[in-house]
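Q:
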Amino acid sequence: MQRTELTTAAPETLFVPDELRESSLAETLPLLSPAEVSDLIASCGELGPDPSSDYFTARTKNIAYALCINGDWFQIRAHCFTQPQQYNDFSGGYKRCYREMPKQFLESEATKKALNAFKSAYNIPDNEPILIQVQKSHVTGENTGQSLTGQGIHSDGADRALLICLDRNNIEGAENAIYADLDGAKSLINPCVLNEGHALLWHDNQVFHDVQPAKVADAASQGSRTVLIAHYPATQYLNGTVNPNNNLGTNLVQDSERLRDKM
Ligand SMILES: [Fe+2]
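In numbering that gives the first Met the number 0, the protein residues as written are 0 to 262.
(1) Which residue wins for smallest C-alpha separation from N189, given the options Y231, D203 and Q211?
(2) Return yes when the Cβ of N250 is within less than 9 Å of the Cβ of L162, no when it is not.
(3) With DSSP as the reference, label K135 as helix, strand or coil.
(4) Using the DSSP secondary-structure output, state which residues sit across from E177 in a beta bridge.
(5) State the CB to CB distance for the pair Y97 and D155, rounded to an integer number of angstroms; the pair is presumed to be in contact (CB under 8 Å).
(6) Say yes only if the C-beta of I228 is nearer than 8 Å to one or more non-hydrogen atoms of ligand 1, and no if none qualify.
(7) Please report the distance separating the alpha-carbon of F55 from that of E141.
(8) Report the rounded CA-to-CA distance for I123 versus Y231, giving the unit in angstroms.
(9) Roughly how many angstroms lie between the CA atoms of Q1 and L24, to the nearest whole one?
(10) In chain order, what residues of the same chain have a beta carbon less than 6 Å from the beta carbon of S107, not counting five sequence neighbours either side?
(11) Going by the C-beta, is H202 closer than 8 Å to any heavy atom of ligand 1?
(12) Do K118 and C164 come within 9 Å of each other at the CB atom, strictly closer than that value?
(13) Relative to the C-alpha of I152, which residue among I228, N61, V241 and F89 is closest?
(14) Going by Cα to Cα distance, which pick from Q85, G70, G144 and K102 is closest to A57?
(15) Could you tell me whether the region 193-208 touches the region 124-132, where touching means 3 or more Cβ pairs closer than 8 Å?
(16) Answer yes or no: the CB of D155 versus the heavy atoms of ligand 1, is any distance below 8 Å?
(17) For K94, list the residues DSSP reports as bridge partners.
(18) For the candidate residues Q205, L130 and G149, whose alpha-carbon lies nearest to that of S319?
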């Protein structure tokens with residue numbers, strides 16, 4: 000198992016997809032320049048509501064299902080996903096619907112760079128959909144220190160995953176971590192702040208991940224953190240079936256906390 004510390008890199012040392020290794024269970028690396036991050040955020044348009052976040056830090060989100068055919072990315076007209084409760088006892092087990100990414104999302108060179116990096120890193124085949132989510136956590140003086148996801152250490156139920164930090168504004172904390180076990184006894188990447196443009200890639204069917212709560216740096220102002228998350232495979236999220244390649248399971252939450260019983 001390899002552990003890779005977050006590095007700060009000058010623009011000229013930005014990510015080269017061929018350098019990623021399928022054999023590494025998790026990696027952090029610089030991926031997008033500041034200009035590319037701005038381009039990608041702009042391509043998302045306005046993010047829509049995320050009703051599940053009524054139960055943790057307020058969040059807005061857009062999603063897209065996309066697949067690559069001969070080097071070009073195409074979007075599937077779908078805007079919901081269901082994560083089986085086997086992977087997410089808190090917000091799994093029911094269909095969650097979001098605003099769909101606008102057409103310009105996949106026209107963005109920065110978006111294509113991010114998706115091509117994910118595809119290249121893990122040899123994701125052409126014609127295979129991936130699920131992409133861009134979400135913004137809205138941190139205030141009132142909700143500071145709350146969970147950003149409602150989940151503790153978990154797997155998302157995919158085989159491979161990518162997270163890119165796109166924006167940290169008046170934010171402290173929100174460190175990302177990778178663990179070998181659900182209890183977090185063995186960390187593979189200790190909690191670390193992903194700076195803007197930096198990515199975390201991991202084998203979602205072999206290791207667990209987590210994000211720490213965020214706090215506002217200046218309590219008098221609001222803060223936000225925006226990330227892009229991508230998962231492969233994605234077809235199982237369309238109908239909520241269990242991924243046969245992922246049997247990592249989940250920590251259970253109290254009966255009263257399960258969102259599938261409230262929605
Ligand atoms: Fe997750």
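For each residue, glycine too, the CB sits at the ideal point set by N, CA and C. Just so it is clear, the structure is predicted and the values come from calculations on it, not from any experiment.
A: Working from what's here:
(1) Numbered from its first residue, the sequence shown carries residue 189 at position 190. Looking at the Cα atoms, Q211 is the closest of the given residues.
(2) As a first step, residue 162 is located in the sequence shown; it is residue number 163 there, counting from the start. As a first step, residue 250 is located in the sequence shown; it is residue number 251 there, counting from the start. It is not a contact, given that the beta carbons lie outside the stated cut-off.
(3) Along the sequence shown, read from residue 1 onward, the residue named residue 135 stands at position 136. K135: strand per DSSP, three-state reduction.
(4) Position 178 of the sequence shown, counted from the start, is the residue given in the question as residue 177. Contrary to the premise, residue 177 reads as Ile rather than Glu in this sequence. Paired residues: I188 and H208.
(5) On the sequence shown, position 98 is the one that residue 97 refers to. On the sequence shown, position 156 is the one that residue 155 refers to. No, Y97 and D155 are not in contact; Cβ-Cβ is about 15 Å, not under 8 Å.
(6) Within the sequence shown, the letter at position 229 stands for residue 228. Indeed, a heavy atom of ligand 1 lies less than 8 Å from the Cβ.
(7) Here residue 55 refers to the residue found at position 56 of the sequence shown. Here residue 141 refers to the residue found at position 142 of the sequence shown. Rounded to whole angstroms, F55 and E141 show a C-alpha spacing of 12 Å.
(8) Numbered from 1 along the sequence shown, position 124 holds the residue referred to as residue 123. Numbered from 1 along the sequence shown, position 232 holds the residue referred to as residue 231. Those two C-alpha atoms are separated by around 8 Å.
(9) The count along the sequence shown starts at 1 and reaches residue 1 at position 2. The count along the sequence shown starts at 1 and reaches residue 24 at position 25. Below a pLDDT of 50, predicted positions are generally treated as unreliable, and Q1, at 39, falls in that range; no measurement from the model is reported.
(10) One-based indexing of the sequence shown puts residue 107 at position 108. Only D38, L39 and S42 meet the Cβ criterion.
(11) In the sequence shown, the residue the question calls residue 202 occupies position 203. Every heavy atom of ligand 1 is 8 Å or more from the Cβ of H202, so no.
(12) In the sequence shown, counting from the first residue as 1, residue 164 sits at position 165. In the sequence shown, counting from the first residue as 1, residue 118 sits at position 119. No; because the gap between Cβ atoms is not below 9 Å, this pair is not in contact.
(13) Walking along the sequence shown from the start, residue 152 turns up at place 153. Checked all of I228, N61, V241 and F89; the closest Cα to I152 is F89.
(14) Mapped onto the sequence shown, residue 57 falls at position 58. Comparing Cα positions, the closest option is G144.
(15) no
(16) Numbered from 1 along the sequence shown, position 156 holds the residue referred to as residue 155. The answer is yes for D155.
(17) Translated into the one-based positions of the sequence shown, residue 94 becomes position 95. In the DSSP output, where bridge partners are listed per residue, K94 has T81.
(18) Nothing about residue 319 can be read from this structure; the chain reaches only from 0 to 262.
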